[in-house]
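One gets our numbering by counting positions in the sequence shown from 1 and adding 1278 to each.
Yeah, the Cβ is synthetic: ideal placement off N, Cα and C, and Gly gets one too.
For clarity, every value in this text was computed on a predicted model and none was experimentally measured.
Worksheet for the structure shown next.
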Amino acid sequence: MKKIKVLIIDDSALVRQTLTAILSNDKEIEIIGTASDPYIAAQKINENSPDVITLDIEMPRMDGLTFLKKLMSQHPIPVVVVSTLTEKGTETALKALEYGAIEVVAKPKINTKELLESDGEELCRKIKIASEVVLKRKLPSALSDKSELSPKLSADVMIEKINRQSMIKTTDTLIAIGASTGGTEALRLLLEKMPVDAPGIVIVQHMPEMFTRQFAKRLDTLCKVSVKEAENGDPVIPGHVLIAPGNKHMMVKRSGARYFVEVKEGPLVNRHRPSVDVLFRSTARYAGSNAIGVLLTGMGDDGAKGLLEMKDAGAYTIAQDEQSCVVFGMPKEAIKLNAVDKILPLDKITNAIITKIK
């Protein structure tokens, strides 16, 4: 079996050692080298042709963003950003996603044992996701199977399945969106076109804790609609977008004539917290046919079954097409389940939503 060749770039010797130890424990990954700055990294890239690079952002001689720009313009290689949990760090990491990085992994104030035990499996999984992007969206189901590093619980652990008797009719439209790998840019492009009076929007984007807050703040400066990281009890109202916080599930609920969100802890669902399936199931239950469900780019199948539940409840459902996806995993699985009313390129989705609600 051909291993995924990884180059680690970080100015901290401790981090380089820790990441080497984490990734070396995975039989599918081979560390071909480490580099303390982008200049050393450039030489090692020429010598070894890595499949994936892990990249720190704040480094001497050349910062990670500058290096990433040069890399993507001259020698594109999938990059997984490993960034510290600081406000500056998360803002910069989000910028890196705009410049072409595939994934972001949170780097705590380094506790080697904690990182090895708590975050190692997630990092390995994201390395494997990034390697698939190299292979031009080859998405064999076998990868999903072998990367299942934690129990793949369904949305049942958070909210029971909808039944026809439990559906509540309402008059307000609600838009629920799910995304993963490549989703930060997809969401930006989709939301920038949303009018200020758009229906309330709820979003799950697979992203580490703290990154979602900065992501929401960034979108809020770019969009006509207001965007914020969701807090428990926040109302879902026109012109406002709520993004599920990293490491917590978000569910749509209803009180009288008003929607609101419940944000809570819980087990990983489809290896994710927040989970798109959890959001979509709750939307099916409480919004029914007055909802629109959108599943964007991402690896795996989180959201596919939830989108089917939304469709079965009468919602209008959209999936991003393969050509415009960074990874055509989640939309592909929803399409296979016949959960999708419309398959559209990213640049057509906002207009389709607006047309549907008029």
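May I have the straight-line CA-CA distance separating residue i from residue j, to the nearest angstrom?
{"i": "PHE1538", "j": "LYS1634", "result": "23 Å"}
{"i": "LYS1610", "j": "ARG1339", "result": "42 Å"}
{"i": "LEU1469", "j": "ALA1476", "result": "10 Å"}
{"i": "SER1409", "j": "TYR1564", "result": "38 Å"}
{"i": "ASN1616", "j": "ILE1287", "result": "42 Å"}
{"i": "ILE1323", "j": "VAL1605", "result": "24 Å"}
{"i": "VAL1383", "j": "PRO1486", "result": "7 Å"}
{"i": "ASN1303", "j": "ASP1397", "result": "13 Å"}
{"i": "LYS1506", "j": "ARG1532", "result": "20 Å"}
{"i": "THR1344", "j": "GLU1587", "result": "44 Å"}
{"i": "ILE1494", "j": "VAL1514", "result": "According to the sequence shown, residue 1494 is Ala rather than Ile. Rounded to the nearest angstrom, the two C-alpha atoms are 15 Å apart."}
{"i": "MET1488", "j": "ALA1371", "result": "11 Å"}
{"i": "ILE1335", "j": "VAL1360", "result": "8 Å"}
{"i": "LEU1574", "j": "SER1458", "result": "7 Å"}
{"i": "LEU1520", "j": "ALA1508", "result": "5 Å"}
{"i": "VAL1330", "j": "LYS1347", "result": "16 Å"}
{"i": "ILE1307", "j": "PRO1316", "result": "22 Å"}
{"i": "ILE1613", "j": "ILE1632", "result": "22 Å"}
{"i": "GLU1399", "j": "PRO1545", "result": "16 Å"}
{"i": "ILE1309", "j": "LYS1281", "result": "9 Å"}
{"i": "GLY1571", "j": "SER1560", "result": "12 Å"}
{"i": "PRO1356", "j": "GLY1311", "result": "16 Å"}
Compare the beta carbon distance of residue i and residue j with 9 Å and say whether it is the shorter of the two.
{"i": "VAL1556", "j": "MET1529", "result": "yes"}
{"i": "MET1608", "j": "GLY1456", "result": "yes"}
{"i": "ALA1591", "j": "SER1553", "result": "no"}
{"i": "PRO1328", "j": "LYS1385", "result": "no"}
{"i": "PRO1473", "j": "LYS1439", "result": "no"}
{"i": "VAL1482", "j": "LEU1452", "result": "no"}
{"i": "GLY1639", "j": "HIS1518", "result": "Residue 1639 falls outside the range modelled here, since the chain spans only 1279 to 1636, and no answer is possible."}
{"i": "ASN1326", "j": "LEU1285", "result": "yes"}
{"i": "TYR1594", "j": "ALA1562", "result": "no"}
{"i": "ALA1374", "j": "LEU1333", "result": "yes"}
{"i": "ILE1380", "j": "ILE1407", "result": "yes"}
{"i": "HIS1527", "j": "HIS1484", "result": "no"}
{"i": "MET1337", "j": "TYR1377", "result": "no"}
{"i": "VAL1618", "j": "LYS1589", "result": "yes"}
{"i": "SER1314", "j": "ASP1341", "result": "no"}
Taking the beta carbon of residue i as the centre, do at least 16 other beta carbons fall within 10 Å, making it buried, or is it exposed?
{"i": "ALA1522", "result": "buried"}
{"i": "ARG1294", "result": "buried"}
{"i": "GLN1352", "result": "exposed"}
{"i": "SER1419", "result": "In this prediction, SER1419 has a pLDDT of 35, which is less than 50 and means its spatial position is unreliable; what the coordinates show is noted afterwards. SER1419 is exposed by the Cβ-count criterion."}
{"i": "THR1601", "result": "Looking at the sequence itself, residue 1601 is Gln, so the reference to Thr does not match. That one is exposed."}
{"i": "GLN1598", "result": "buried"}
{"i": "ASP1625", "result": "exposed"}
{"i": "LEU1622", "result": "buried"}
{"i": "ASN1629", "result": "exposed"}
{"i": "ARG1403", "result": "buried"}
Rounded C-beta distance between residue i and residue j? I'm assuming under 8 Å.
{"i": "VAL1358", "j": "ILE1405", "result": "6 Å"}
{"i": "GLY1584", "j": "PHE1558", "result": "3 Å"}
{"i": "VAL1547", "j": "ASN1510", "result": "Actually they are not in contact, since the Cβ atoms of VAL1547 and ASN1510 sit about 18 Å apart, beyond 8 Å."}
{"i": "ARG1536", "j": "LEU1500", "result": "At roughly 27 Å, the Cβ-Cβ gap does not stay under 8 Å, so ARG1536 and LEU1500 are not in contact."}
Can you find a heavy atom of the ligand ADP that lies under 8 Å from the Cβ of residue i?
{"i": "TYR1377", "result": "The ligand ADP is not among the ligands present in this structure, which contains no ligands whatsoever."}
In chain order, which continuous runs of the beta strand (DSSP E) of length 3 or greater are located wholly inside the stretch 1552 to 1591?
1569 to 1573
To test your reading of the DSSP string, which unbroken beta strand (DSSP E) runs of 3 or more residues are found completely within the stretch 1444 to 1527?
1452 to 1457, 1478 to 1483, 1504 to 1507 and 1518 to 1521
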